[in-house]
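Peer 1:
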Amino acid sequence: MPRKGNYGVDYDDYDDYDYDYDYDVEDQVEAPEPKKETSSDKVRVWGCSICTYDNDESMTACDICGVMRSSVLGKFKDDKGTAPFKFDFPSPDDMVSNGIRSSKIGSKANLINYRSQKTSAGLSETVKSSDKSSAPMPKGKQGRPGVNDGNPKKNGVADTQSSDETSDSTSSSMPKGKDKSVGNASTSINGGKSHGPTSNLNDVSLSDKSGNSNKASARRSKPSAQYQPNDWMLPDKSENALTQLNLAIVGHVDSGKSTLSGRLLHLSGRITQKEMHKYEKEAKLQGKGSFAYAWALDESPEERERGITMTVAVAYFDSKKYHVVVLDSPGHKDFVPNMISGATQADAAILVIDASIGGFEAGMDSKGQTKEHARLIRSFGVDQIIVAVNKMDSVQYSKDRFDLIGTQLGTFLRSCGFKDSLVSWIPLSAVENQNLVAAPSDVCLSSWYQGSCLLDAIDSLQPPKRDFSKPLLMPICDVVKSSSQGPVSACGKLEAGALRSGLKVLVMPSGDVGTIRSLERDSQICAVARAGDNVTVSLQGIDGSNVMAGGVLCHPDFPVAVAKHFELKVLVLDFLTIPIVIGSQLEFHIHHAKEAARVVKIISVLDPKTGKVSKKAPRCLTSKQSAIIEVALDGTGLRRRVHE
Ligand code: GTP
Ligand code: MG
Numbered sequence: 001m002p003r004k005g006n007y008g009v010d011y012d013d014y015d016d017y018d019y020d021y022d023y024d025v026e027d028q029v030e031a032p033e034p035k036k037e038t039s040s041d042k043v044r045v046w047g048c049s050i051c052t053y054d055n056d057e058s059m060t061a062c063d064i065c066g067v068m069r070s071s072v073l074g075k076f077k078d079d080k081g082t083a084p085f086k087f088d089f090p091s092p093d094d095m096v097s098n099g100i101r102s103s104k105i106g107s108k109a110n111l112i113n114y115r116s117q118k119t120s121a122g123l124s125e126t127v128k129s130s131d132k133s134s135a136p137m138p139k140g141k142q143g144r145p146g147v148n149d150g151n152p153k154k155n156g157v158a159d160t161q162s163s164d165e166t167s168d169s170t171s172s173s174m175p176k177g178k179d180k181s182v183g184n185a186s187t188s189i190n191g192g193k194s195h196g197p198t199s200n201l202n203d204v205s206l207s208d209k210s211g212n213s214n215k216a217s218a219r220r221s222k223p224s225a226q227y228q229p230n231d232w233m234l235p236d237k238s239e240n241a242l243t244q245l246n247l248a249i250v251g252h253v254d255s256g257k258s259t260l261s262g263r264l265l266h267l268s269g270r271i272t273q274k275e276m277h278k279y280e281k282e283a284k285l286q287g288k289g290s291f292a293y294a295w296a297l298d299e300s301p302e303e304r305e306r307g308i309t310m311t312v313a314v315a316y317f318d319s320k321k322y323h324v325v326v327l328d329s330p331g332h333k334d335f336v337p338n339m340i341s342g343a344t345q346a347d348a349a350i351l352v353i354d355a356s357i358g359g360f361e362a363g364m365d366s367k368g369q370t371k372e373h374a375r376l377i378r379s380f381g382v383d384q385i386i387v388a389v390n391k392m393d394s395v396q397y398s399k400d401r402f403d404l405i406g407t408q409l410g411t412f413l414r415s416c417g418f419k420d421s422l423v424s425w426i427p428l429s430a431v432e433n434q435n436l437v438a439a440p441s442d443v444c445l446s447s448w449y450q451g452s453c454l455l456d457a458i459d460s461l462q463p464p465k466r467d468f469s470k471p472l473l474m475p476i477c478d479v480v481k482s483s484s485q486g487p488v489s490a491c492g493k494l495e496a497g498a499l500r501s502g503l504k505v506l507v508m509p510s511g512d513v514g515t516i517r518s519l520e521r522d523s524q525i526c527a528v529a530r531a532g533d534n535v536t537v538s539l540q541g542i543d544g545s546n547v548m549a550g551g552v553l554c555h556p557d558f559p560v561a562v563a564k565h566f567e568l569k570v571l572v573l574d575f576l577t578i579p580i581v582i583g584s585q586l587e588f589h590i591h592h593a594k595e596a597a598r599v600v601k602i603i604s605v606l607d608p609k610t611g612k613v614s615k616k617a618p619r620c621l622t623s624k625q626s627a628i629i630e631v632a633l634d635g636t637g638l639r640r641r642v643h644e
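Start counting the sequence shown at 1; every next residue gets the next number (the UniProt record's numbering).
1. Could you tell me which residues DSSP puts in a beta bridge with A439?
2. Rounded to a whole number of angstroms, what is the C-alpha to C-alpha distance between Q434 and K399?
3. Does at least one heavy atom of ligand 1 sit under 7 Å from the Cβ of E432?
4. Strictly closer than 5 Å from CB to any heavy atom of ligand 2: give me those residues in the order they appear in the chain.
5. May I have the straight-line CA-CA distance separating Y227 from C554, to the nearest angstrom?
6. Measuring CA to CA, which of F360, V314, Y322, K321 is closest to M339?
7. Taking L247 and V325 to be in contact with their CB atoms under 8 Å, please state how far apart those CB atoms are, rounded to whole angstroms.
8. Which residue's Cα is closest to the Cα of D254: A294, S518, R619?
9. Answer yes or no: do L606 and A597 have a C-beta to C-beta separation smaller than 8 Å?
10. Could you give the residue range of the beta strand (DSSP E) that holds E567?
11. Distance, Cα to Cα, D334 vs K493?
12. Flag A498 as yes if its beta-carbon sits less than 8 Å from any beta-carbon of chain C, otherwise no.
13. Counting Cβ pairs, one atom from each stretch, are 3 or more of them under 8 Å apart for the segment 494-511 and the segment 535-548?
14. With 16 other CB atoms within 10 Å as the buried threshold, where does W425 fall?
15. In terms of DSSP beta bridges, what is M474 paired with?
16. Flag K391 as yes when its Cβ comes closer than 7 Å to any non-hydrogen atom of ligand 1, and as no otherwise.
17. Nearest-angstrom Cα distance between L206 and P223?
18. Could you check which residue in K616, S290, N230, D54 has the C-alpha nearest to that of V528?
19. How far does the beta strand (DSSP E) with P301 in it extend, from its first residue to its last?
20. Does the Cβ of S421 have 16 or more other Cβ atoms within 10 Å, making it buried, or fewer, making it exposed?
21. Examine the Cβ distances between the segment 431-449 and the segment 504-524 and report whether three or more of them are shorter than 8 Å.
22. Between which two residues does the alpha helix (DSSP H) containing A430 stretch?
23. Tell me the residue span of the beta strand (DSSP E) that contains V324.
24. What does K601 pair with, by DSSP beta-bridge criteria?
25. Between which two residues does the alpha helix (DSSP H) containing M364 stretch?
26. Between S614 and E567, what straight-line distance do the alpha-carbon atoms span, to the nearest angstrom?
27. Measuring straight from C-alpha to C-alpha, what distance separates E299 and F558?
28. Is any heavy atom of ligand 1 found at a distance shorter than 7 Å from the C-beta of P509?
29. Indicate, with yes or no, if ligand 1 has a heavy atom lying under 7 Å from the CB of A225.
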């Protein structure tokens, strides 16, 4: 059964509240004596720097938008005055624009949400970043790799890019504070050989004034070149296990993503006939008979009632070649932040297109999600996609319609940097089970289509590259605190290295060291987990409050670099309503971390064709411009401004 990710915030909930208030009754009731507030009555709260929500004192990150509480960040030394952290690896888009062959896939996910003050937003896409590089930190709810919270009312967004080449280390957002840390986490991309995060790890030292022995006290990190994996960390070729493939299912709202995912799970035996009957019966009872397969993925009552996916559902099935992790994403524009959290974990994607008349056009419209999802998925480093042209039954399996979609969408995908050779096109119908796991039985379709079915296309995807022999790196997607699993469990996808019980791991940016008590993969206890696996890691000997979604588990001798000041290459997408200027507020996302940030410098505008500097120090950035900017993470500053 699928596991749902965090239930993203749905502001439409407020519509359902009963605001009817019976004033007459109220009038008749004697007003109670006002109760004097005692100090014990006061609920201690802290205001979120992004959404201003008043969170309970016990929360380390905002319950609404996931932004970290500034006092948590405040544990770290303020690196103001140091040079900004620079991502030192080219992004896929860099390579595309420079005509360099993309080498594909490391991990993904760095993005910036541009919060234009009180306006809708613009989406800017940073391009120069290292996936394996940085991570500020938000919250998480239940332990599900694959999902983040989403704030549907979020102002537009910027997505940044991951690099294809992998860097050896990551950086976490580096705040100020009591721990002495980080000499200088900045890196330089100038001057030939880059001084990446790795080289700066030598400068990262964590000292613990409290004398807590669990801290990586005054530990000097080693250069990652010195890292030698143990034998158990490398995959055992004799094991003959299926390679895990994280497959994001993306596309415009109602294109049939969940129906397609549900069908695949049913056809592969992951959903039994009995379960399917139950879904059919329940869906019919609610007048949503056509959503029976989608119900397998859309589990929450609200998703079912509204007939839309709101958070990423994670499910599994095995093909001949892969253990496929299905990340069924929401298509509705309000839930793009949730879609992003699935996309950031993807090795490949299925872009689902609604072939029906008007359906395809709606997705391609400037307000449609087909283009946005395609662009996002590409910017997270995914370069192989399957375009599932769904609902072909509604156009009588017309070849002309399929060709028209191919021509129009193909041009757009090329402009995003997808190579023709890494895009496959499959006409199908999820509802009529045509061309999913076997050749089509419909004569109209089989008369002109003799290519692969969807399952074969999945098996034809290139296996993802995994960093087995690099130091451990696991961005934390979610944290679970339960008595049965041990004090605290961290969930996420292993980007590099390996884990097993008894191993000591460093939690960044807190600097605490914990011991792995047990590991779970696909809800099963496992002995070893390696790069690419989505796992739940139960930790012991550690203060649970220092393990946070958005943080990173790493090797104690090879901690990620930490920074709070970044130089980024960004692409401003075309949803921007007001220009980006110095001081513009942003949300900085990297892996599962989200931090308030602001633009401190606009260094240069780049020529989109050549990537060369076309203008230095411009006053502002507008839609579709590519630029180098300097960004500082600044939660407290934002909070002050919001409250003033
Ligand atoms: P979101 O998650 O909200 O973006 O929607 P989705 O893309 O997951 O779509 P979903 O699977 O919920 O299906 C939406 C509607 O499309 C349902 O009524 C499905 O029955 C219908 N649908 C899905 N696949 C097909 C298909 O192959 N043919 C036809 N005719 N309808 C389909
Ligand atoms: Mg859906």
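For every residue, glycine included, the Cβ atom is placed at its ideal position computed from N, Cα and C.
For clarity, every value in this text was computed on a predicted model and none was experimentally measured.
Peer 2: Working from what's here:
1. Position 439 of the sequence shown, counting from 1, holds the residue named residue 439. A439 pairs with nothing; no bridge assigned.
2. Translated into positions along the sequence shown, residue 434 becomes position 434. Translated into positions along the sequence shown, residue 399 becomes position 399. Straight-line Cα distance between these residues: approximately 14 Å.
3. Taking the first residue of the sequence shown as position 1, residue 432 is located at position 432. Yes.
4. K257, S258, T309
5. Counting from one through the sequence shown, the residue named residue 227 turns up at place 227. Counting from one through the sequence shown, the residue named residue 554 turns up at place 554. Looking at the two C-alpha atoms, the distance is approximately 13 Å.
6. As a working note, residue 339 is residue 339 in the sequence shown. When each option's Cα is compared against that of M339, the closest is V314.
7. Counted from its first residue, the sequence shown places residue 247 at position 247. Counted from its first residue, the sequence shown places residue 325 at position 325. Their Cβ separation, rounded to whole angstroms, is 7 Å, which keeps L247 and V325 in contact under 8 Å.
8. As a first step, residue 254 must be located in the sequence shown, where it is residue number 254. When only C-alpha atoms are compared, the closest one is A294.
9. Residue mapping note: residue 606 aligns to position 606 of the sequence shown, counting from 1. Residue mapping note: residue 597 aligns to position 597 of the sequence shown, counting from 1. Not closer than 8 Å, so no.
10. Your numbering for residue 567 matches position 567 in the sequence shown. Where E567 is concerned, the enclosing beta strand (DSSP E) stretches over 565-572.
11. Taking the sequence shown and counting its residues from 1, the one referred to as residue 334 is at position 334. Taking the sequence shown and counting its residues from 1, the one referred to as residue 493 is at position 493. So the alpha carbons of these two residues sit roughly 25 Å apart.
12. You won't find chain C in this structure, because it holds only one protein chain.
13. yes
14. In the sequence shown, counting from the first residue as 1, residue 425 sits at position 425. Counting Cβ neighbours within 10 Å, W425 comes out buried, since at least 16 surround it.
15. What you label residue 474 is simply residue 474 of the sequence shown in a count that begins at 1. BP columns for M474 point to L553.
16. What you label residue 391 is simply residue 391 of the sequence shown in a count that begins at 1. True, at least one ligand heavy atom lies under 7 Å from that Cβ.
17. Counted from its first residue, the sequence shown places residue 206 at position 206. Counted from its first residue, the sequence shown places residue 223 at position 223. Unreliable placement is indicated for L206, whose pLDDT of 33 sits below 50; the coordinate value is still reported in the next sentence. Between L206 and P223, the C-alpha separation is close to 16 Å.
18. The residue you call residue 528 lines up with position 528 of the sequence shown. For the residues K616, S290, N230, D54, the minimum Cα distance to V528 belongs to N230.
19. As a working note, residue 301 is residue 301 in the sequence shown. P301 -> not in any beta strand (DSSP E); alpha helix (DSSP H) instead, spanning 301-306.
20. For this step, residue 421 is matched to residue 421 along the sequence shown. Looking at its Cβ environment, which holds fewer than 16 other Cβ atoms inside 10 Å, S421 is exposed.
21. no
22. Counting from 1 along the sequence shown, the entry for residue 430 is found at position 430. First-last for A430: undefined, no H or E at that position.
23. Residue numbering aside, residue 324 sits at position 324 when the sequence shown is read from its first letter. Run containing V324: 322-328, per the beta strand (DSSP E) assignment.
24. Counted from its first residue, the sequence shown places residue 601 at position 601. Beta-bridge pairing links K601 to E630.
25. Sequence index remark: in the sequence shown, residue 364 carries index 364 (1-based). Where M364 is concerned, the enclosing alpha helix (DSSP H) stretches over 359-364.
26. What you label residue 614 is simply residue 614 of the sequence shown in a count that begins at 1. What you label residue 567 is simply residue 567 of the sequence shown in a count that begins at 1. Rounded to the nearest angstrom, the two C-alpha atoms are 18 Å apart.
27. For the purposes of this step, residue 299 is identified with residue 299 of the sequence shown, where counting begins at 1. For the purposes of this step, residue 558 is identified with residue 558 of the sequence shown, where counting begins at 1. Those two C-alpha atoms are separated by around 40 Å.
28. Position 509 of the sequence shown holds residue 509. No, the Cβ of P509 stays beyond 7 Å of every heavy atom of ligand 1.
29. Here the question's residue 225 lines up with position 225 in the sequence shown. No, Cβ of A225 sits at least 7 Å from all heavy atoms of ligand 1.
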